[in-house]
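Report on the following structure.
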Amino acid sequence: LGELGLHAYFANRAPSFEDYSALAPRLLELKPPGVPVLASPAWAEPLLRQAAPEAFPLAELARPDDRGFARYLEVSLGGSWPFGAEPELSRLPVESEHEVGPFRLRLLKNSDVESTRHDFTSALERGEVEVATDVAGELTPCPSVEARRARTGGLHGAVARPRRYHACTGERAVAVTVIEDQNYRPRRCILIEAPSRGSVELVFRGVPPSAKLVGFAGFSYFLDRDAPGAQVELSLAEGGQPLGAQRVEAARGWQRFEVQRPAAGGDVTLRASWLVEQPRELCVALEAR
Amino acid sequence: VKPAQLRAWLLERADGCLALGLFAGYLALLLASASSLGFTRDEGFYFSAARAYEQWFVLLGSSPGEALSRDTVDRFWSVNHEHPSFIKSLFALSHRWLGSAFSQPSTSFRFPAMLLSSLAVALTYRWGARCFGRWPALVAALSLAFVPQVFFHAHLACFDVPVASLWLVTSYAYARSLERQGLLPLVGVGLAFGLFLDTKHNAWLFPFAVGLHFVVMQGRATVAELIAGKPWWRRLPPAWLSMLLVGPLVVYALWPWLWHDTLPRLREYVRFHTQHEYYNIEFLGHTYWRPPFPRAYAWLMTLGTVPLVTLLLACAGAISFARRFADHPAKSDVVLWGASVLLSYAPWWSSATPIFGGTKHWLTAYPFLCLFAGLGFQAVSRALREALPRPVPVALSAGCVLAGPVIMTLHAHPFGLSAYTPLVGGAPGAATLGLNRTFWGYTTQSLAPFVNQQAPRAGRVYVHDTALASFAMFQEDSRLRRDLRPTLDLAVSDVALYHHEQHMSRVEHQIWIDYGTVSPAAIATFDGVPITWSYVRPRSKPRE
Numbered sequence: 004l005g006e007l008g009l010h011a012y013f014a015n016r017a018p019s020f021e022d023y024s025a026l027a028p029r030l031l032e033l034k035p036p037g038v039p040v041l042a043s044p045a046w047a048e049p050l051l052r053q054a055a056p057e058a059f060p061l062a063e064l065a066r067p068d069d070r071g072f073a074r075y076l077e078v079s080l081g082g083s084w085p086f087g088a089e090p091e092l093s094r095l096p097v098e099s100e101h102e103v104g105p106f107r108l109r110l111l112k113n114s115d116v117e118s119t120r121h122d123f124t125s126a127l128e129r130g131e132v133e134v135a136t137d138v139a140g141e142l143t144p145c146p147s148v149e150a151r152r153a154r155t156g157g158l159h160g161a162v163a164r165p166r167r168y169h170a171c172t173g174e175r176a177v178a179v180t181v182i183e184d185q186n187y188r189p190r191r192c193i194l195i196e197a198p199s200r201g202s203v204e205l206v207f208r209g210v211p212p213s214a215k216l217v218g219f220a221g222f223s224y225f226l227d228r229d230a231p232g233a234q235v236e237l238s239l240a241e242g243g244q245p246l247g248a249q250r251v252e253a254a255r256g257w258q259r260f261e262v263q264r265p266a267a268g269g270d271v272t273l274r275a276s277w278l279v280e281q282p283r284e285l286c287v288a289l290e291a292r
Numbered sequence: 052v053k054p055a056q057l058r059a060w061l062l063e064r065a066d067g068c069l070a071l072g073l074f075a076g077y078l079a080l081l082l083a084s085a086s087s088l089g090f091t092r093d094e095g096f097y098f099s100a101a102r103a104y105e106q107w108f109v110l111l112g113s114s115p116g117e118a119l120s121r122d123t124v125d126r127f128w129s130v131n132h133e134h135p136s137f138i139k140s141l142f143a144l145s146h147r148w149l150g151s152a153f154s155q156p157s158t159s160f161r162f163p164a165m166l167l168s169s170l171a172v173a174l175t176y177r178w179g180a181r182c183f184g185r186w187p188a189l190v191a192a193l194s195l196a197f198v199p200q201v202f203f204h205a206h207l208a209c210f211d212v213p214v215a216s217l218w219l220v221t222s223y224a225y226a227r228s229l230e231r232q233g234l235l236p237l238v239g240v241g242l243a244f245g246l247f248l249d250t251k252h253n254a255w256l257f258p259f260a261v262g263l264h265f266v267v268m269q270g271r272a273t274v275a276e277l278i279a280g281k282p283w284w285r286r287l288p289p290a291w292l293s294m295l296l297v298g299p300l301v302v303y304a305l306w307p308w309l310w311h312d313t314l315p316r317l318r319e320y321v322r323f324h325t326q327h328e329y330y331n332i333e334f335l336g337h338t339y340w341r342p343p344f345p346r347a348y349a350w351l352m353t354l355g356t357v358p359l360v361t362l363l364l365a366c367a368g369a370i371s372f373a374r375r376f377a378d379h380p381a382k383s384d385v386v387l388w389g390a391s392v393l394l395s396y397a398p399w400w401s402s403a404t405p406i407f408g409g410t411k412h413w414l415t416a417y418p419f420l421c422l423f424a425g426l427g428f429q430a431v432s433r434a435l436r437e438a439l440p441r442p443v444p445v446a447l448s449a450g451c452v453l454a455g456p457v458i459m460t461l462h463a464h465p466f467g468l469s470a471y472t473p474l475v476g477g478a479p480g481a482a483t484l485g486l487n488r489t490f491w492g493y494t495t496q497s498l499a500p501f502v503n504q505q506a507p508r509a510g511r512v513y514v515h516d517t518a519l520a521s522f523a524m525f526q527e528d529s530r531l532r533r534d535l536r537p538t539l540d541l542a543v544s545d546v547a548l549y550h551h552e553q554h555m556s557r558v559e560h561q562i563w564i565d566y567g568t569v570s571p572a573a574i575a576t577f578d579g580v581p582i583t584w585s586y587v588r589p590r591s592k593p594r595e
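Protein chains in written order, with our numbering: chain A, 4 to 292; chain B, 52 to 595.
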C-alpha cells in the first residue's frame with residue numbers, strides 16, 4: 004500500500020499541459036535575447052518548446068557548446084526527486100529566481116563564458132561566404148541554390164540537407180544543418196559533404212577581430228561512431244596566413260578545437276580535406292571568440 | 052466416499068473453477084483494452100507473416116498438392132523465417148476463422164497470444180494451488196497478470212508472453228511427468244516442449260533448467276550410484292527422452308520452412324539468434340550499442356518495472372523455501388521454478404548478450420517469480436498469524452499486496468513500455484535517470500486523434516518507428532484515416548511522428564531542418580513525461 008501511495012505521488016507530480024501553457028507568456032517575458040532556455044530535467048524540453056517556441060531559436064537550442072553564452076535561463080520542475088536538476092547547471096551561480104506555477108525559473112550566470120563575436124554558421128545562412136571545391140589548385144564555385152524539397156535520411160540515412168544550400172560538383176552540398184553529438188544532443192553546424200576529388204574551401208569575408216577562433220567538428224554520431232581513425236583534416240587561414248589545422252575523428256563525436264588569430268580581423272578561410280572516403284558528411288561550427 | 056475424499060474432490064473442482072475464472076477474466080480484460088493499444092513495430096512484421104501463412108493454409112485446403120510443393124512452401128514460409136512458426140500460424144488461423152468476430156480486424160491476430168497469456172495466469176494459479184493453497188496461488192496468479200509490462204505484452208501479436216506461457220506449461224508438464232508413470236504424461240512433455248521450441252528461441256534454455264533441476268534433486272544420489280557402479284542412468288527422467296524425440300518432431304511438423312534444406316535452414320535460424328545484431332538501448336542516460344553491455348541491466352530493469360511488493364514477496368518466498376529446503380512438501384516443483392528463473396536471466400550474465408527489447412526477453416522468468424511471490428505470501432501470512440494477537444483476514448492481506456500492482460498496471464495502459472515503479476520514481480524518475488522511455492513505435496495510437504484531425508486529405512504521414520504494416524493495421528482498424536499515406540521520407544510528409552529514444556534524436560533534428568520549426572504540434576505524455584510527439588509542416592514551408 005506504501006508503494007501504491009508513492010505511485011500516486013509520482014504519477015501526479017509533473018505539471019500539466021495547462022501549466023506549460025500558462026508558463027509560456029511569463030517565460031518569454033523573462034527570457035532576455037541571446038539567453039538560451041534550459042529545461043531541468045531535460046526531458047521536459049519538448050513541452051516547453053511546444054508551449055513557447057519563440058523561446059527556442061535554433062542557434063540557442065543547438066548551440067555548439069555551453070561557453071558561448073553569458074547567461075542561461077533554467078526552467079525547472081522544482082529540482083527535487085523525481086525531477087532532479089541537470090548536473091551541469093547546479094554549479095552555476097543564480098542571478099535571479101522566479102516561481103511561476105509549479106515551475107522555478109532561474110537566471111544563471113556562466114562564469115566560464117567566451118563571448119562570441121561572430122558566428123560563422125549564421126554567416127553562411129546570411130550568404131556571407133564563398134564556397135568552392137579545390138582540385139589541384141583549381142577552384143570551382145559552389146553557388147547557392149534552392150531545391151524543390153529538403154533531403155532527409157531518417158534514422159539510418161543522410162544528415163538533413165535544407166532546401167537552400169551551396170551546390171558543389173558531383174551533387175555535393177554545403178549548408179546549415181543539425182547533427183547529434185556523442186550524447187545525441189543537437190549541434191547546429193555547417194554541413195560539408197565530401198567532394199569526389201580535392202577539398203572544400205569556405206571563405207568568410209570581413210570577420211570581426213577576436214582573440215581566437217573556436218571550432219567544433221563532427222559527423223552524425225549515430226551513423227559514424229564506428230568509423231576508426233581520423234577522416235578529415237580541417238585547416239584555417241586568415242589573410243592568407245595559416246592559423247592551424249585539426250584532424251576530425253567520427254568516433255570521438257563533437258570535438259572542440261581553437262586557434263589564435265592575428266590582431267586585425269579579415270577574411271577567414273576554412274578548408275576541409277578528406278583523408279579517407281567515408282564518412283562523407285562532416286559538420287563544422289566556428290565562432291570568433 | 053469418505054468425507055476427506057469428498058472434500059478433496061470439491062477443493063480440486065473449486066481450484067479448477069477459479070483457474071477458469073482467472074483465464075476468462077484476464078482474457079476479457081485483454082480484449083476490452085486491446086483497442087486502445089497501438090501496434091508495435093514487430094507486430095507489423097508478424098501481421099504480414101501471418102497473412103502469408105494464412106494464404107498457404109487456404110491453398111492447403113483447396114490444392115494440397117500445390118501447397119505442399121517446395122516452391123509454394125518456400126514462397127509463403129520464407130516470410131519472417133527467422134522466427135518459428137507456431138504462434139504466427141495461430142495468428143493466421145485466428146484471422147482466418149475469427150476475422151469478423153471482433154470489432155477490429157487486428158484483434159483476431161492478437162487473440163491467440165491473449166489466450167496463451169490468460170493460460171499462463173490460470174496455470175500459475177493451478178500450480179500454486181497445488182503447491183501452497185488457494186490464497187497464495189491467487190496472489191501468484193494476479194501478481195503475474197498485473198506486472199505492467201506483462202499486461203502490455205499480453206495484448207500483442209508477438210511471442211514474448213506466449214513463450215513465457217509455454218515455458219510454464221512445459222515445466223508443469225515436466226513436473227507432473229516426474230510424479231506420474233505412463234505414456235501420456237511423457238508424450239505431453241514432448242508435445243509441450245515441441246510447441247515451446249516452435250515459439251521462440253528462449254526454449255533453447257529450458258533443457259538447462261531441467262538439467263539444473265535434476266542436479267539439485269538427484270545429483271548426489273546419481274553420483275553415489277555412479278561411483279558404486281550401480282545403474283545410475285535409471286535416475287534420468289524419461290521425460291528427457293520425450294523432449295529429445297517428440298519436441299523436434301513437433302517443430303519439424305509445424306514449421307514448413309524446415310521441410311526442405313532442413314539442416315542449413317536450422318543452422319541459419321540458430322545463427323540469426325546467436326549472432327543477432329546489436330540494437331541501441333538507453334540505460335542510465337547512456338545509449339549502449341555494442342558490447343560490453345552492463346551486466347546489471349536485466350536485474351535493475353526488473354527492479355524498476357516489476358512492482359516492489361511482488362519482488363519482496365518473491366524474495367520472502369525464496370528465503371522461506373531455503374529454510375525448509377530439506378523437507379519442503381513441494382521441493383521438486385519449487386526447485387524447478389528457481390531453475391527457470393535463473394535460466395531465464397542466464398543470457399544476461401554475459402556482457403556480450405544484447406540488451407535491446409527492454410524487459411521482454413526475460414518475461415519467461417516472471418510466472419516463476421510470481422509463484423515464489425505466492426510462496427512468500429504464504430510465509431508472510433503465517434508469520435503475521437503467529438505474531439499478531441488478532442489474525443488479519445487473508446483476503447485483506449491479499450488485497451493489500453495486490454492493490455498496488457493492479458492499480459499501477461491499469462494506470463500504465465496503454466503506455467506499458469514507459470511504466471516504471473515508484474522505486475525509480477515512476478515514469479518521471481525513470482526519464483530523469485535516463486531509462487528507456489519507449490520503443491517499437493506503438494505509441495502512434497496516442498497521436499492518432501491529432502493526426503486524423505490535422506493531416507490534410509490524402510496527406511502523407513512520416514511514420515518514424517512505426518512499421519508500415521503496423522500503420523496499415525491502424526488504418527484497417529479505422530484508428531487512422533484511410534486516406535492518409537504513410538511514408539518513410541520525411542521530406543515529402545505533411546505530418547511527422549517522432550517516437551523518442553535517445554539515439555533517435557537525429558530524426559527530430561531532421562524534422563527541425565525540414566519543417567523549419569522546433570515546436571511539436573502535439574505531445575503524448577505519460578505521467579507528464581513526453582513519450583511521442585508530432586510535427587505539422589508549416590504552411591510557410593510547403594513540401595514541394
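Note that beta-carbon positions come from the ideal geometry of N, C-alpha and C, so glycine has one too.
Mind reading off the beta-carbon distance from residue i to residue j? Whole number of angstroms is fine, and I expect it under 8 Å.
i, j, result
"B:LEU219", "B:THR175", "7 Å"
"B:ASP534", "B:ALA509", "5 Å"
"B:ILE564", "A:ALA163", "4 Å"
"A:ALA291", "A:GLN249", "Not a contact, Cβ separation roughly 16 Å."
"B:GLN200", "B:THR410", "5 Å"
"A:PRO49", "B:ILE574", "6 Å"
Could you tell me which chain B residues have their CB closer than 7 Å to the CB of residue i, listed as they occur along the chain?
i, result
"A:LEU9", "PRO473"
"A:VAL181", "HIS560, TRP563, ILE564"
"A:LEU110", "Going along chain B, no residue has its Cβ under 7 Å from A:LEU110, so there is no contact; the nearest lies around 22 Å."
Name, please, each residue of chain B whose Cβ falls closer than 8 Å to the Cβ of residue i.
i, result
"A:SER223", "ARG557"
"A:LEU285", "Under the 8 Å cutoff, chain B gives no residues; its nearest Cβ is about 15 Å from A:LEU285."
Run down chain A in chain order and give the residues with a C-beta less than 8 Å from the C-beta of residue i.
i, result
"B:GLN553", "TYR187"
"B:LEU359", "GLU6"
"B:ALA451", "According to the sequence displayed, residue 451 of chain B carries Cys and not Ala. By Cβ distance, chain A contributes LEU4."
"B:SER570", "ARG52, GLN53, PRO56, PHE59"
"B:GLY480", "PHE13, TRP84, PRO85"
"B:HIS462", "HIS10, ALA14"
Determine the chain A residues that contact residue i at a beta-carbon separation under 9 Å, and present them in chain order.
i, result
"B:ILE458", "LEU7, HIS10, ALA11"
"B:GLY477", "LEU9, HIS10, TYR12, PHE13, ALA14, ARG16, PRO85"
"B:THR483", "PRO44, ALA45, TRP46, TRP84, PRO85, PHE86, GLY87"
Using DSSP bridges, identify the partner residues of residue i.
i, result
"A:GLN259", "According to the sequence displayed, residue 259 of chain A carries Arg and not Gln. Its beta-bridge partners are A:PHE219."
"A:GLU204", "A:ALA135, A:ARG274"
"A:CYS192", "A:THR180"
"B:ILE332", "B:TYR339"
Can you name the residues of chain B whose CB is closer than 9 Å to the CB of residue i?
i, result
"A:PRO165", "ILE564, ASP565, GLY567"
Please indicate yes or no: does the CB of residue i lie closer than 7 Å to some heavy atom of the ligand ZN?
i, result
"B:TYR223", "With respect to the ligand ZN, the structure offers nothing, as it holds no ligand at all."
Taking residue i as the query, report the chain A residues whose CB atoms sit under 7 Å from its CB, ordered along the chain.
i, result
"B:ALA454", "LEU4, LEU7"
Closer than 7 Å, Cβ to Cβ, to anything on chain B: give me those residues from the stretch 41 to 62 of chain A, in chain order.
The stretch 41 to 62 of chain A vs chain B, Cβ under 7 Å: PRO44, TRP46, PRO49, LEU50, ARG52, GLN53, PRO56, PHE59, LEU61.
Taking Cβ-Cβ distances below 9 Å as the criterion, which residues of the stretch 403 to 435 of chain B are in contact with chain A?
Under the 9 Å Cβ criterion, the stretch 403 to 435 of chain B contributes no residue.
Residues from the stretch 66 to 80 of chain A in contact with chain B, defined by Cβ distance under 7 Å
none
Taking only beta carbons into account, state which residues of the stretch 575 to 586 of chain B come closer than 8 Å to chain A, listed in chain order.
THR576, ASP578, GLY579, VAL580, PRO581, TRP584
Which residues, in chain order, does the stretch 147 to 159 of chain A contribute to contact with chain B at a C-beta distance below 9 Å?
ARG151, ARG152, ALA153, ARG154, THR155, GLY156, GLY157, LEU158
Residues in the stretch 164 to 196 of chain B with C-beta within 7 Å of chain A's C-beta atoms, listed in sequence order?
none
What are the residues of the stretch 517 to 543 of chain B that lie near chain A, defined by any Cβ-Cβ distance shorter than 8 Å?
Here the close residues are LEU539, ASP540, LEU541, ALA542, VAL543.
Check each residue of the stretch 81 to 97 of chain A: if its Cβ is closer than 8 Å to any Cβ of chain B, include it; give the result in chain order.
TRP84, PRO85, PHE86, GLY87
Using a Cβ-Cβ cut-off of less than 7 Å, list which residues of the stretch 12 to 30 of chain A approach chain B; keep chain order.
Taking 7 Å as the Cβ-Cβ cut-off against chain B, the residues of the stretch 12 to 30 of chain A that qualify are PHE13, ALA14, ARG16, ALA17, PRO18.
Let me know the beta strand (DSSP E) ranges lying completely inside the stretch 71 to 124 of chain A, each 3 residues or longer, listed in chain order.
The qualifying runs are 74 to 79, 97 to 103, 106 to 112.
For the stretch 123 to 135 of chain A, which residues have a beta carbon sitting closer than 8 Å to at least one beta carbon of chain B?
none
Unbroken alpha helix (DSSP H) runs of length 4 or more, entirely within the stretch 525 to 588 of chain B: which are they?
List check, alpha helix (DSSP H) in window: 556 to 566.
What are the residues in the stretch 491 to 508 of chain B lying within 8 Å of chain A by C-beta distance?
none
Which residues, taken in chain order from the stretch 317 to 350 of chain B, show a beta carbon closer than 7 Å to some beta carbon of chain A?
THR338
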